[in-house]
């Protein structure tokens with residue numbers, strides 16, 4: 003519940019035009035709450051649990067079938083996806099997100115204090131992994147938020163965008 007509320011707050015904070023690209027549908031609660039607030043959402047895959055309105059469009063059936071869209075979105079959102087993907091897939095998804103939007107908001111499993119092993123097919127990629135990936139793609143962190151799923155498991159929500167000419171610009175009145 004904490005993550006859903008925080009994702010909503012970040013989307014609302016960094017969205018001016020209320021047009022977002024959702025690259026993974028895992029938590030329908032936050033999508034339906036955004037739809038109720040008249041956000042125009044483009045999604046990758048049509049799911050039965052997602053209410054489809056005039057301002058929701060399905061642009062592809064698979065995240066790996068997207069290369070460059072005709073439209074550039076304000077925000078791309080990825081929820082509960084990266085921890086199940088290989089490094090190669092993470093790089094592909096990251097390219098899609100940064101090539102098609104101004105800002106990327108995503109959730110990542112960072113650590114499991116109970117053991118160092120992956121469990122339930124979840125990969126715990128520490129912050130150094132993400133920081134090096136951001137550097138590789140010339141991304142700057144606008145904001146990050148840490149939270150716990152339970153006593154042993156920690157996640158982070160990152161808000162990142164492409165660095166332009168070494169300058170930090172303002173978005174929605176926020177320094178980035």
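In this note's numbering, the protein residues as written are 3 to 178.
Cβ atoms here follow ideal geometry from the backbone N, Cα and C, with glycine treated the same way.
Closest to residue i by CA distance: which of the options is it?
{"i": "residue 104", "options": "141, 156, 112 and 126", "result": "141"}
{"i": "residue 12", "options": "151, 154, 156 and 144", "result": "144"}
{"i": "residue 68", "options": "109, 160, 26 and 165", "result": "26"}
{"i": "residue 73", "options": "124, 157, 102 and 7", "result": "102"}
{"i": "residue 20", "options": "36, 60 and 133", "result": "36"}
{"i": "residue 193", "options": "7, 65, 66 and 46", "result": "Coverage of the chain is limited to positions 3 through 178, which leaves residue 193 absent and any answer about it impossible."}
{"i": "residue 86", "options": "71, 100, 124 and 131", "result": "124"}
{"i": "residue 75", "options": "65, 98 and 131", "result": "98"}
Does DSSP put residue i in a helix, a strand or coil?
{"i": "residue 94", "result": "helix"}
{"i": "residue 82", "result": "coil"}
{"i": "residue 44", "result": "strand"}
{"i": "residue 106", "result": "strand"}
{"i": "residue 143", "result": "strand"}
{"i": "residue 127", "result": "coil"}
{"i": "residue 20", "result": "coil"}
{"i": "residue 151", "result": "coil"}
{"i": "residue 61", "result": "coil"}
{"i": "residue 74", "result": "coil"}
{"i": "residue 35", "result": "helix"}
Assuming residue i and residue j are in contact, meaning their beta carbons sit under 8 Å apart, how far apart are those beta carbons, in whole angstroms?
{"i": "residue 126", "j": "residue 112", "result": "6 Å"}
{"i": "residue 16", "j": "residue 77", "result": "6 Å"}
{"i": "residue 157", "j": "residue 109", "result": "6 Å"}
{"i": "residue 159", "j": "residue 5", "result": "7 Å"}
{"i": "residue 79", "j": "residue 24", "result": "5 Å"}
How should residue i be labelled, buried or exposed, when 16 other C-beta atoms within 10 angstroms of its C-beta is the threshold for buried?
{"i": "residue 81", "result": "buried"}
{"i": "residue 22", "result": "buried"}
{"i": "residue 133", "result": "exposed"}
{"i": "residue 163", "result": "buried"}
- Task: Inspect the CB distances between the stretch 35-45 and the stretch 88-97 and report whether three or more fall short of 8 Å.
- Result: no
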